[in-house]
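Trainee: First the structure, which I've put down as C-alpha cells, then a few questions once you've had a look.
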Amino acid sequence: MLLVVTYSRGARRDLRNVCRAHEGCVVRQLGRAALLEWTEFGAFQALRLREKHGLDVQLERVVPFEPADAPERVREAASAYESRDQPSTPYERFASGRDVPDPAAMRGEDL
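Position one of the sequence shown corresponds to residue 1 (full-length UniProt numbering), numbered consecutively onward.
So this is what it looks like as C-alpha cells:
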C-alpha cells in the first residue's frame, strides 16, 4: 500500500478530493493521510499530489503488519496483558514478577 500524508490545508483538500473521486484505489482515509492501493493508479494519484504540493505531501510504502511478524513472547505477553484481572493495571506493573517481556527491553528491540 501507499501511505500519503499531507502537511498543508491545500494538500489535505486535494487528498480528500482524490479519495472521493477515486474510491476504488483508496484502502482507507485517515484525515490528513490515506492509504492507497499498491497499483499504478494509486501511485499516479499519490505522485500527482506530490507534484502539485511538493514537500507538503509525504509518500511511503507500507507493508501490513501481521501478528506473526512479532516474536512469540511479545504475542503471548499481549494476550496475557489483555486477559488481566484489573483493566486499569499498567503493563509495567503487570510485567513485574511475571514471565513476560520487560517494557524497557521491548522499547529497544527492533522487530
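In this text, a Cβ means the ideal position worked out from N, Cα and C, and glycines have one as well.
(1) Determine the closest residue to V100 out of A78, L36, R48 and R16, with distance taken between C-alpha atoms.
(2) Would D102 and L49 be called neighbours here (beta carbons separated by less than 7 angstroms)?
(3) Mind the definition here: the region 79 to 95 touches the region 39 to 47 only if three or more C-beta pairs lie below 8 angstroms; say whether that holds.
(4) So, using beta-carbon positions, are V60 and L3 closer together than 7 angstroms?
(5) Spatial neighbours of R75 within its chain, please: CB distance less than 7 angstroms, with the 5 preceding and 5 following residues excluded, ordered by chain position.
(6) Do you know whose CA, among F41, A21 and Q58, lies nearest R32's CA?
(7) Pick out whichever of L30, V62 and D56 has its Cα sitting closest to the Cα of A43.
(8) List the residues that DSSP assigns as beta-bridge partners of A34.
(9) Shortest alpha-carbon distance to C25 belongs to which of R12, L55, R9 and M1?
(10) Quick one: what does DSSP say L59 is sitting in, helix, strand or coil?
Mentor: Looking at the coordinates:
(1) Against the sequence shown, residue 100 aligns to sequence position 100. With distances taken between CA atoms, V100 lies nearest to A78 out of A78, L36, R48 and R16.
(2) Taking the sequence shown and counting its residues from 1, the one referred to as residue 102 is at position 102. Taking the sequence shown and counting its residues from 1, the one referred to as residue 49 is at position 49. Result no, Cβ atoms of D102 and L49 do not sit closer than 7 angstroms.
(3) no
(4) Position 60 of the sequence shown, counted from the start, is the residue given in the question as residue 60. Position 3 of the sequence shown, counted from the start, is the residue given in the question as residue 3. Residue 60 is actually Glu in this sequence, not Val. Closer than 7 angstroms, so yes.
(5) Within the sequence shown, numbered from 1, the residue matching residue 75 stands at position 75. Result list for R75: P67, in chain order.
(6) Taking the sequence shown and counting its residues from 1, one reaches residue 32 at position 32. Taking only the C-alpha atoms, the option nearest R32 is Q58.
(7) As a first step, residue 43 is located in the sequence shown; it is residue number 43 there, counting from the start. The shortest C-alpha separation from A43 is found at V62.
(8) The residue labelled residue 34 in the question sits at position 34 within the sequence shown. The partner list for A34 (beta bridge, DSSP) reads V4 and Q29.
(9) Numbered from 1 along the sequence shown, position 25 holds the residue referred to as residue 25. Checking every option, the nearest Cα to that of C25 belongs to M1.
(10) Counting from one through the sequence shown, the residue named residue 59 turns up at place 59. Looking at L59 - three-state DSSP - the assignment turns out to be strand.
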